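Heads up: the structure comes next, in structure tokens.
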Amino acid sequence: MDVMPKWAEVILVPFISLLLAAFISGLVVFAIADVPDSAITMMDRIGARLDFVWGAAKLMVNGALGSTYGWGYTLYYATNFMFTGLAVAIAFHARLFNIGGEGQAMLGGLGVAIACLYIPWPHWSVALIGAAAMAALFGAVWAAIPAWLQVKRGSHIVITTIMFNFIAASLLNYLLVNLMRPKGSMDPATAHFREATNLPTLHDLLAPFGIAFSKSAPANVSLLVAIAACFALWLLIWRTRLGFEIRSYGESESGAKYAGISPFKITMIAMIISGALAGMMAINNVMGEAERLVLNATEGAGFIGIAVALMGRSHPLGVFIAAILFGFLYQGGAELALWTSIPRELIVVIQALVILFTGALDNMVRMPLERMFLALRRNKAAGAN
14 MDVMPKWAEV ILVPFISLLL AAFISGLVVF AIADVPDSAI TMMDRIGARL DFVWGAAKLM
74 VNGALGSTYG WGYTLYYATN FMFTGLAVAI AFHARLFNIG GEGQAMLGGL GVAIACLYIP
134 WPHWSVALIG AAAMAALFGA VWAAIPAWLQ VKRGSHIVIT TIMFNFIAAS LLNYLLVNLM
194 RPKGSMDPAT AHFREATNLP TLHDLLAPFG IAFSKSAPAN VSLLVAIAAC FALWLLIWRT
254 RLGFEIRSYG ESESGAKYAG ISPFKITMIA MIISGALAGM MAINNVMGEA ERLVLNATEG
314 AGFIGIAVAL MGRSHPLGVF IAAILFGFLY QGGAELALWT SIPRELIVVI QALVILFTGA
374 LDNMVRMPLE RMFLALRRNK AAGAN
């Protein structure tokens, strides 16, 4: 029997971890805060630093959530993280550590570029389906190779997926510079996609309902696709036989083998789905925002997906919430870097603290809570007797 109730496991532990990460982040900002020359005494300096921390926190919240423009960027980043977080989550359920989301997303961008540049789509809705299929196909193929190498050759999937990130980056660099770059252009990027492939933004989607949303924000219809992917993955993992086999294999490989579950089948299917989800991120950043394929279009979203999956406990709902949080950190951090002396790298520190407390230091929060709930249960049982 579990010591903690489910709500404490899913909500309370991550919430306390986030509070601890926010507190330590506040101390870091406090330490590097600009202090005016007028602050002479120790109390004046402390007060000035506290004001700086409070102002930075308000600026971060307002920049990410205080306007439809901020929300647009927050949701745009969150969409990327949903896809990559789901990709890592499905692999986690099979006890596979897919660190290749970055490379799979790059190859997904290549699939989107091919679909949008060389196929004359009549409408964005049809183009979205075709581009998503191509992105998923390219990402799935790129993930299937390390999966096959593990089950057939014993190559560790962590090592191979890491190396495939570099191979994908080199391959994409070669293709953009030598084959896909328009003649006369010095920019290592493809030509802009046809207008028929341009995805509607949230402004376009909400305008018919009389809801005003920023025209400049890059959030687009891909957000709805990402939400649908969260729901689809939940159905797959907890409502299908295949999902049960994946979870069983992840819990006990020997037990799954005894039950007749094929390790080759589960490893290949889990990684193919994982790669397809990571590849589908490209419909947001390549097709929806840049409207062309450029170098470094992924911007590290494949690696952030690992943190999102860890924080979301590999559950699609948790991944959705964690992706929103990291989208907030990205957009809020950009506002901090723009309007204050705080460097952009500090947001990487905050993200690292969130990962540290929700992942590596998870037991630091979990164990005291388990003791607390166990004591409450014993007191309740003693009172009943």
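Numbering (the numbering used here) for the sequence shown: 14 to 398. Even for Gly, the Cβ is constructed at its ideal location relative to N, Cα and C. Note that this is a predicted model, so its numbers are computed, not measured.
Original post:
Going by other Cβ atoms of all chains shown within 10 Å of its Cβ, with 16 needed for buried, is Arg305 buried or exposed?
Top reply: buried
Original post:
Taking Ala205 as the reference, which of Leu88, Val125, Arg390 has the closest Cα?
Top reply: For the sequence presented, residue 205 should be read as His rather than Ala. Ranking Leu88, Val125, Arg390 by Cα distance to His205 puts Val125 first.
Original post:
The alpha helix (DSSP H) with Gly340 in it runs from where to where?
Top reply: 329-352
**OP:** Have a look at the DSSP bridge pairing and note the partners of Val307.
**Re:** Ala202
Original post:
Straight-line CA distance for Ser227 to Ala160?
Top reply: Taking the straight line from one Cα to the other gives about 42 Å.
Original post:
When burial is assigned at 16 or more other CB atoms within 10 Å of the CB, is Pro329 buried or exposed?
Top reply: Buried, because 16 or more other Cβ atoms sit within 10 Å of the Cβ of Pro329.
Subject >> contact_flag[the stretch 174-190, the stretch 103-123] where n(CB pairs < 8 Å) is 3 or more >> reply: Contact holds: three or more Cβ-Cβ distances are below 8 Å.
Original post:
What residues are listed by DSSP as bridge partners for Thr174?
Top reply: According to DSSP, Thr174 bridges with nothing at all.
**OP:** State the CB to CB distance for the pair Pro381 and Gly301, rounded to an integer number of angstroms; the pair is presumed to be in contact (CB under 8 Å).
**Re:** No, Pro381 and Gly301 are not in contact; Cβ-Cβ is about 44 Å, not under 8 Å.
**OP:** Kindly indicate which three-state DSSP category Thr371 falls into: helix, strand or coil?
**Re:** helix
**OP:** Within its chain, find whatever has a CB closer than 8 Å to the CB of Arg194; leave out the 5 residues flanking it on each side and keep chain order.
**Re:** Asp200, Pro201, Ala202, Thr203
Original post:
On the three-state DSSP scale, how would you describe Thr253?
Top reply: coil
Subject >> Own chain, CB closer than 7 Å to Gly98, minus 5 neighbours either side, in chain order >> reply: Gly318, Val321, Ala322, Gly325, Val332, Ala335, Ala336
**OP:** Could you check how far apart the C-beta atoms of Asn233 and Thr210 are, in whole angstroms? I think they sit under 8 Å.
**Re:** Not really, about 12 Å apart at Cβ, beyond 8 Å.
**OP:** Determine the direct distance from the alpha carbon of Ile103 to that of Arg246, and round the result to whole angstroms.
**Re:** Arg is not the amino acid found at residue 246; the sequence shown has Leu there. Going by the C-alpha atoms only, they are around 8 Å apart.
Original post:
Alpha carbon to alpha carbon, how far is Tyr89 from Asn297?
Top reply: 8 Å
Subject >> Contact under 8 Å by Cβ, Met293 with Gly143 >> reply: no
**OP:** Examine the ligand COA and report whether any of its heavy atoms sits within less than 7 Å of the Cβ of Arg357.
**Re:** Of the ligands one can find in the structure shown there are none, so the ligand COA has no counterpart to examine.
Subject >> Neighbour-count burial assignment, Ala373, 16 or more Cβ in a 10 Å radius >> reply: exposed
Subject >> Start-end ranges of the alpha helix (DSSP H) lying completely within the stretch 267-323, minimum 4 residues >> reply: 276-292
Original post:
For Thr54, which three-state DSSP category applies?
Top reply: Here Thr54 sits in coil by DSSP.
Subject >> Phe177 versus Gly288, Ala44, Glu258, Trp84, residue with shortest Cα-Cα distance >> reply: Gly288
**OP:** Specify the secondary structure class of Asn75 as computed by DSSP and reduced to three states.
**Re:** helix
**OP:** Please report how far the alpha carbon of Pro404 lies from the alpha carbon of Leu63, in whole angstroms.
**Re:** Residue coverage of the chain in this structure runs from 14 to 398, which leaves residue 404 outside it and unanswerable.
Original post:
Which residue's Cα is closest to the Cα of Val101: Ile59, Thr174, Asp57, Ser138?
Top reply: Thr174
Original post:
Which first and last residues belong to the alpha helix (DSSP H) in which Val125 is found?
Top reply: First-last of the alpha helix (DSSP H) with Val125: 114-131.
Subject >> Cα-Cα separation between Pro18 and Asp217, rounded to whole angstroms >> reply: 43 Å
**OP:** Go to Leu192, then tell me how far its alpha helix (DSSP H) extends in each direction, as first and last residue.
**Re:** No alpha helix (DSSP H) contains Leu192, which DSSP labels as neither H nor E.
**OP:** Tell me, please, whether the stretch 246-265 touches the stretch 60-75 by the rule of three or more beta-carbon pairs shorter than 8 Å.
**Re:** no
**OP:** Specify, as a first and last residue, the run of the alpha helix (DSSP H) that Thr214 falls within.
**Re:** It is not in any alpha helix (DSSP H) - Thr214 carries neither H nor E in the DSSP assignment.
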